[in-house]
Ligand SMILES: Cc1cc2nc3c(=O)[nH]c(=O)nc-3n(C[C@H](O)[C@H](O)[C@H](O)COP(=O)(O)OP(=O)(O)OC[C@H]3O[C@@H](n4cnc5c(N)ncnc54)[C@H](O)[C@@H]3O)c2cc1C
Ligand code: SF4
Ligand code: SF4
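Chains as they are written, first to last, in the numbering used here: chain L, 1 to 440; chain Y, 1001 to 1457.
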């Protein structure tokens, strides 16, 4: 039996907080696509409440609806009543899993392998990363694609195959020492979370994060071989594994000894900030989890909070036009919008051009592009249209899922586009500073 | 809903989107009104007036009640279903059909959102003034059916003042056009005006022809703080007596000020009795003069502080206190009940005082904000529908407030309509003769009582 809330046992006031005013409807991408209330935040909450009231069982249609929801949290930003949709969404997906209405042998196997197997074992995950790297480097990938073997895959996996990110040559541990101190004095001590997707496919973003932190007087502690933060599990109805993974993180970092714990992946960040709630009933870990939540910061948020140093211009920068895509779990999940823009505006040579609908989901949404490929690709196309309309050569975003989704979208459209994390651009600008070589 | 009816629905309208499963219907079992809920028999999404005409004929023959629904943001239960009813949801009829710059008119399907209408007008450098707080999602058909107001009522009026013509499907299944692009038109009864505010009980509006006006060139925003609500009301009267008609005159009471500060930290003084947001718009020179005069008058009538916005950002900052009021109140308690008792402007201070005493007497938390310029108040009850004992006190307090408003020459609803929520109060407010004439009108348009039966009376 799970120790976590169900729709029937949870605090009913969280459900009641929705006054069904409908103000969230125009911001919800799934409602926008179907114009049917069931696919809207208000409709979904009404179904959850019907279950809590005993008017409805957790049916298959209910569970499917919970998985059609992107979890983008745009509804939270729009909601005047402060509905905690993120919480409701987690409980509702867990309820869907517990009821077993979606279970089929294939789905159960896949979930067991991915959620309980792969994403709880960092070393195994890396082994898969290495395999992926081999697959891509060995030419097997081109052979596979050349022979059109991918056409034999079921549609949703075929789409995914086209999406397979290029794995980096190094993982974060190869690039980052467990403890790195800034050249000047130490102003802050921070811990760095390396993430799992970030670590495998975008590990240089982690290196860039360390460099940006060092340049701002932060000593950086990076425990090696970190495990997954559990966001994937919490967002996919497996709260028990999510809690186990949270405990592991709390063992690896001592929040009491650090000024902040830094993440550069928006999706992880918005989950990491809820460890206090996840472990509230754990007598051993609750205090540590509360301290953790208090100190957890997204890298953009932290840099602006400590008054980041603007990189010096060399005068030799090639001017570049950049546009900023707001990761849902940064702007809606953590209400961080201003900070990344402040950083971008401070980068020499960079001109920021705003795109339309910057806060509209790009369709990546965790594993949504695997589970709901059609809706995901619709959102991707819409996003790419807005990106290209700005004429920017560079798309900036602060979440690995969005990063890959944008890069893949540009590839599909056959158009050149660089995708980067704000902190990578910042680190690059620090490296280009006059005299940077001597300082390091 | 009989199997026969469903079978006819399927054969006569093969391409009509129709929902029947509980997971699809539960999300259509309520509107924006607290505590009201009822499952419909089915929900359909017509896409043309002719289709609606066919549906009404079929429903009339089968004696199936029909509830029209726009965006379901109503606050009086107007689009809450009836048992076994057919819900016609018009959100898929959402096209803007025409912006006529020569006649300053705009035509749209009734399911278009108010925001889309306002945007289409703005693109032509014109202005559609009615701005209900729900305009991002509410439909223009819903606005007409409720005769909705907004923040600009005093100077610019309400939805009715902008409706030039309507296309309406009658209960008989005939399609009626009433009104037109003529500014003057006295040929016969103004049927158009009967449909405005009819809450889906007389016909189904499918097309709306709206009047637009030129966009005011300039606007100035002021925020004044008062130690006594009476002083704020006096200041408003003085401004109007000075022949200034501001486009916005909104106030917050002390409970609301506290909630706004807790939530948005706008910097309002927590000990103030009232905050007044004032805006004037029009020709730049006139606006500057009026803003100065309004500031003087407010100070003269006891304002502790008057801030005048120096820039657009500054104006947005001042206006944010009023804009966040509802959100600030809504997050305080699990159930938020937003009322709209309205009194003649001269009686405002008295009415607000009574609401505050009533709240204290019944140990209830009531925040009041609203439109001081047009006497439209929003006493907002912050409560919990699961607490039956408290809900009983809420109902008693509400009745006392409505009675008092009517006693002052006011009304039980200024803009949300009667629907189900205010039904029980209508007789006391209007008297038997008024109700009787309304029933005759209803019977003339809908003899079979198919359209939204049981709403209003
Ligand atoms: C947050 C919030 C703020 C609000 N602010 C304001 C405000 O400032 N001013 C104000 O006046 N109201 C306000 N309202 C109330 C509400 O938004 C309005 O009454 C609005 O006009 C309803 O539009 P709707 O499309 O949601 O209609 P619905 O709620 O779906 O329907 C309302 C009524 O109109 C009927 N109806 C709808 N469409 C048609 C049609 N095409 N033909 C015939 N009948 C029809 C329905 O049967 C029902 O009786 C607010 C509501 C909310 C939730
Ligand atoms: S999380 Fe996103 S998709 Fe889900 S209900 Fe909210 S806005 Fe819609
Ligand atoms: S905006 Fe908030 S309160 Fe309103 S319907 Fe959506 S979730 Fe519910």
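Using N, Cα and C, we set each Cβ at its ideal position, and we do this for glycine too.
- C-alpha of residue 1350 of chain Y to C-alpha of residue 243 of chain L: approximately 56 Å in a straight line.
- Judged by their CB atoms, residue 1396 of chain Y and residue 1337 of chain Y are not nearer to each other than the 8 Å cut-off.
- The criterion of a C-beta distance shorter than 8 Å is not satisfied by residue 69 of chain L and residue 27 of chain L.
- At a cut-off of 7 Å, the beta-carbon of residue 1455 of chain Y counts as near ligand 1: some heavy atom of the ligand is closer than that.
- Interface flag for residue 1130 of chain Y against chain L is unset, since no Cβ pair is found closer than 8 Å.
- Between residue 1250 of chain Y and residue 1371 of chain Y, the C-beta spacing is below 8 Å.
- Contact annotation: the segment 1355-1372 of chain Y does not touch the segment 1055-1071 of chain Y, with fewer than three C-beta pairs closer than 8 Å.
- DSSP places residue 1089 of chain Y in the strand class (E or B) of the three-state scheme.
- A straight-line Cα-Cα distance of about 14 Å links residue 57 of chain L and residue 44 of chain L.
- Set against 7 Å, the gap from the CB of residue 74 of chain L to the closest heavy atom of ligand 2 is smaller.
- By the criterion of a C-beta distance shorter than 7 Å, residue 402 of chain L is surrounded in its chain by 325, 327, 362 and 364, once the five residues flanking it on both sides are discounted.
- Against chain L, the CB of residue 1137 of chain Y has a partner CB under 8 Å away; the residue lies at that interface.
- The C-alpha of residue 228 of chain L is placed about 28 Å away from the C-alpha of residue 217 of chain L.
- Residue 65 of chain L reaches chain Y at 1023, counting residues in chain order whose Cβ is nearer than 7 Å.
- A straight-line Cα-Cα distance of about 30 Å links residue 424 of chain L and residue 276 of chain L.
- By the CB criterion at 8 Å, residue 1179 of chain Y and residue 1165 of chain Y fall inside the cutoff.
- For the pair of segments examined, the segment 288-297 of chain L was found not to touch the segment 89-107 of chain L: the number of CB pairs separated by less than 8 Å stays below three.
- For residue 214 of chain L, the uninterrupted alpha helix (DSSP H) segment begins and ends at 203-214.
- A distance below 6 Å between beta-carbons, with the five flanking residues on each side excluded, links residue 1309 of chain Y to the following residues of its chain, in chain order: 1221, 1315 and 1318.
- Under DSSP, residue 1447 of chain Y shares a beta bridge with no residue.
- Residue 1448 of chain Y is not a Cβ neighbour of residue 1347 of chain Y, given a cutoff of 8 Å.
- By the neighbour-count criterion, in which 16 or more other beta carbons inside 10 Å mark a residue as buried, residue 1311 of chain Y falls on the exposed side.
- For the segment 66-85 of chain L, residues whose beta-carbon sits nearer than 7 Å to a beta-carbon of chain Y comprise 80, 81 and 82.
- Beta-bridge analysis with DSSP links residue 1365 of chain Y to Y:1382.
- By the Cβ-count criterion, residue 336 of chain L is buried, with 16 or more other Cβ atoms from all chains shown falling within 10 Å of its own Cβ.
- Within the segment 1324-1350 of chain Y, the residues whose Cβ lies closer than 7 Å to any Cβ of chain L are, in chain order, 1326, 1327, 1330, 1331, 1334, 1335 and 1336.
- For residue 43 of chain L, the chain Y residues whose Cβ falls inside 7 Å of its Cβ are 1027, in order along the chain.
- Between residue 1044 of chain Y and residue 1104 of chain Y, the C-beta spacing is not below 8 Å.
- From the beta-carbon of residue 1072 of chain Y, the residues of chain L found nearer than 7 Å are 22.
- Taking CB atoms only, residue 26 of chain L has a neighbour in chain Y less than 8 Å away.
- Inter-segment contact for the segment 1224-1231 of chain Y and the segment 1272-1283 of chain Y is present: three or more beta-carbon pairs are separated by less than 8 Å.
- C-alpha of residue 61 of chain L to C-alpha of residue 1023 of chain Y: approximately 7 Å in a straight line.
- Boundaries of the alpha helix (DSSP H) around residue 50 of chain L: 41-53.
- Apart from the 5 residues on each side of it in sequence, residue 1129 of chain Y sits with its Cβ closer than 6 Å to the Cβ of 1152 and 1156 in its chain, given in chain order.
- Cβ neighbours of residue 1124 of chain Y within its own chain (closer than 8 Å, five residues either side excluded): 1099, 1101 and 1212.
- For residue 1153 of chain Y, the Cβ stays outside the 7 Å cut-off from all heavy atoms of ligand 2.
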